[in-house]
Amino acid sequence: MFEKGALEYDSNRTPTLTLTRSGAQAPETVAVEPGDGYSREYDYFISCLQHRQAPQRITPASARQSIEIALAEAQSMTSRKKICL
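Per the working numbering, the sequence shown starts with residue 61, numbered consecutively.
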C-alpha cells in the first residue's frame, strides 16, 4: 500500500479498477469509460485529424519515447544486461 492508497486493475474482474485508500475497510469502484485504451487513443487521434488539431495527449515525442523504452526492454531481456537510456 502506498502512502495514501492503492489502485488495482484487473480486466478479468468487474469492476476492473478499484481504489483502496489507506485505512479503508473495502475498496472503492473507480469509473472506467467503456472500450479499451487502444480504441480510445485511436478515436482521439482521428478526432484530432478531423478537427485539424495537434494531439495534446499522444504526442509524436511521447510515442517515440514509448517505443524507445519498449525496444530497450526487449534488448535487455535478450542480452540479460542493463540498458541505459
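In this text, a Cβ means the ideal position worked out from N, Cα and C, and glycines have one as well. All of these numbers come straight from a predicted model, not from anything done at the bench.
Taking DSSP's pairing of strands, which residues face residue i in a bridge?
i, result
"THR80", "ALA66"
"GLU166", "Nothing about residue 166 can be reported from this structure: the residues present for the chain run from 61 to 145 only."
Figure out for me which residue from the options has the closest Cα to the Cα of residue i.
i, options, result
"VAL90", "THR78, GLN135, ASP96", "THR78"
"GLN85", "VAL92, GLY65, TYR69, SER126", "GLY65"
Is DSSP giving residue i helix, strand or coil here?
i, result
"THR74", "coil"
"GLU101", "helix"
"GLU93", "coil"
"ILE118", "coil"
"CYS108", "helix"
"LEU145", "coil"
"ARG140", "coil"
"GLN113", "coil"
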